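A short write-up of the structure that comes next.
There are 2 protein chains.
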Amino acid sequence: MPNLSIGAAAKASGVKVPTIRYYESIELLPSPPRTGSNRRTYDAGDVRRLAFIRHARELGFEVEAIRTLLKLQDEPEQSCAAADAIARDRLAEVERRIASLEALRAELMRMVEGCSHGHVGECRVIEILADHGECRHHLGAEPVALAGGAGG
Amino acid sequence: MPNLSIGAAAKASGVKVPTIRYYESIELLPSPPRTGSNRRTYDAGDVRRLAFIRHARELGFEVEAIRTLLKLQDEPEQSCAAADAIARDRLAEVERRIASLEALRAELMRMVEGCSHGHVGECRVIEILADHGECRHHLGAEPVALAGGAGG
DNA sequence: CTACATCCTCTAGCGACTAGAGGATCAAGA
DNA sequence: TCTTGATCCTCTAGTCGCTAGAGGATGTAG
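One line per chain: the protein sequences are A and B, in this order.
Using the UniProt record's numbering, the first residue of the first sequence is number 1, and each one after it goes up by one.
Using the UniProt record's numbering, the first residue of the second sequence is number 1, and each one after it goes up by one.
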């Protein structure tokens, strides 16, 4: 299945067309050969690489980490200690995030359970947000950062 | 404690100075009065509002949602159904994120456990990322988006 | 009087895309 | 052959929620 158009590569890999071009622009994906009419052509290897990137992104790996992983992949005689370290870092962060989110969920549940659908004056949601002292746990110094950026 | 400088308001509310100015620029916080030498002066009400915003942001509320909540807060005779709905949305999203992150954690644990510190050729980390088929669960269509934005 | 902290405005940058303009090319049907 | 519409190209600018830095004015402590 060689010589795929960018659209076909997008379909096969699950990475959107503009995102593929973006990955090329940041040199995460090599510039593919072009047809006579200047269109990009991809092969199965590119699709695999794109799927790899997509999967890693879904797992929350940052582009820089993916870049490192791809370099490791390109030189398979290297030690996998570096790849392992990246995954471990990721795991630690994911566990931190889960802990934050669970504290957060507890607080949100407290809010919506306390809401008696009366007036805002007695609304727990507003009240809890207004009174920081009611919040016993500590959500950590850094913001929780789950505002979903790239929604469909 | 009226007539605080922006730095004092920042300290009292836990919101950084440039962030306070940013909130003013997007009209989340009203423009405060200025001194003769053009410096912003805040009072206790502003500090409360800032603390409210900060707390809501820590809980993952988007600025637009906070804007709505603040409007509700300013008119306390309204029904709190809107505030409740916003909090419920937030809760649902948090629960989705937790589920994604737990699937993700399982996969990362599988990765680092499988890594025998040999060569990349046998490295589970690379292998699992490369082979999407090994991933049984589904992380959802949208990206997990936990790349920590504003790390201090 | 001298440091130095704090304040001001302004612009630009971050990450990881997404959206749209404005145009070229391709594939299929009438 | 013509036409329609999908796909492709490049480019710039926008998203979100800030953060960083330039370049200058003002305040405060010793």
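C-beta: ideal position from N, C-alpha, C; glycine also.
Keep in mind that this is a model prediction, so the values were computed, not measured.
With DSSP run on the structure shown, which of helix, strand or coil describes residue i?
{"i": "Glu75 (chain A)", "result": "coil"}
{"i": "Glu134 (chain A)", "result": "Since pLDDT at Glu134 (chain A) reaches only 47, below the 50 mark, its modelled position is unreliable, and the value read off the structure follows with that caveat. It is helical."}
Between residue i and residue j, which are expected to be in contact by the criterion C-beta below 8 Å, what is the C-beta distance as a whole number of angstroms?
{"i": "Gly80 (chain B)", "j": "Leu72 (chain B)", "result": "Note that residue 80 (chain B) is Cys in the sequence shown here, rather than Gly. Indeed, because the Cβ distance is near 7 Å, the residues count as touching under 8 Å."}
{"i": "Arg110 (chain A)", "j": "Ile128 (chain A)", "result": "7 Å"}
{"i": "Arg105 (chain A)", "j": "Val94 (chain B)", "result": "5 Å"}
Near residue i, what residues of its chain come up, given a Cβ to Cβ distance below 6 Å and the 5 sequence neighbours on each side ignored?
{"i": "Gly14 (chain B)", "result": "Arg54"}
{"i": "Ala4 (chain B)", "result": "Looking at the sequence provided, one finds Leu at residue 4 (chain B) rather than Ala. Only Tyr42 meet the Cβ criterion."}
{"i": "Ala65 (chain A)", "result": "Ile86"}
{"i": "Ala92 (chain A)", "result": "none"}
How many Å lie between residue i and residue j at the Cα?
{"i": "Val112 (chain A)", "j": "Arg49 (chain A)", "result": "44 Å"}
{"i": "Pro18 (chain B)", "j": "Gly7 (chain B)", "result": "10 Å"}
{"i": "Glu27 (chain A)", "j": "Thr41 (chain B)", "result": "48 Å"}
{"i": "Phe52 (chain B)", "j": "Pro33 (chain B)", "result": "21 Å"}
{"i": "Glu107 (chain B)", "j": "Arg90 (chain A)", "result": "11 Å"}
{"i": "Pro30 (chain B)", "j": "Lys11 (chain B)", "result": "19 Å"}
{"i": "Gly60 (chain A)", "j": "Asp84 (chain A)", "result": "15 Å"}
{"i": "Asn38 (chain B)", "j": "Arg57 (chain B)", "result": "29 Å"}
{"i": "Val47 (chain B)", "j": "Glu75 (chain B)", "result": "19 Å"}
{"i": "Arg136 (chain A)", "j": "Ile126 (chain A)", "result": "With a pLDDT of 42 at Arg136 (chain A), under the threshold of 50, the predicted position of this residue should be treated as unreliable, though the coordinate-derived value follows. The alpha-carbon atoms of Arg136 (chain A) and Ile126 (chain A) are separated by roughly 17 Å."}
{"i": "Leu16 (chain A)", "j": "Ala9 (chain B)", "result": "The displayed chain sequence assigns Lys, not Leu, to residue 16 (chain A). If I take the Cα positions, the gap works out to 45 Å."}
{"i": "Ala82 (chain B)", "j": "Arg88 (chain B)", "result": "10 Å"}
{"i": "Ala103 (chain A)", "j": "Val63 (chain A)", "result": "28 Å"}
{"i": "Thr22 (chain B)", "j": "Arg21 (chain A)", "result": "The sequence shown places Tyr at residue 22 (chain B), rather than the Thr named in the question. Answer to the nearest angstrom: the Cα atoms are 33 Å apart."}
Flag residue i as yes when its Cβ comes closer than 8 Å to any non-hydrogen atom of the ligand ATP, and as no otherwise.
{"i": "Ala12 (chain B)", "result": "Although the ligand ATP was asked about, the structure shown includes no ligands whatsoever."}
Leaving out five residues before and five after residue i in sequence, what residues of the same chain have Cβ atoms less than 7 Å from its Cβ?
{"i": "Glu24 (chain B)", "result": "Ser31"}
{"i": "Gly36 (chain B)", "result": "none"}
Only counting the same chain, and skipping five residues up and downstream in sequence, which positions put a Cβ closer than 8 Å to that of residue i?
{"i": "Ala130 (chain B)", "result": "none"}
> Going along the chain, which unbroken runs of the alpha helix (DSSP H) with 4 or more residues stay wholly within the UniProt domain "HTH merR-type" (3-72) of chain A?
Replying inline: Listed in chain order, they are 6-13, 17-25, 44-58.
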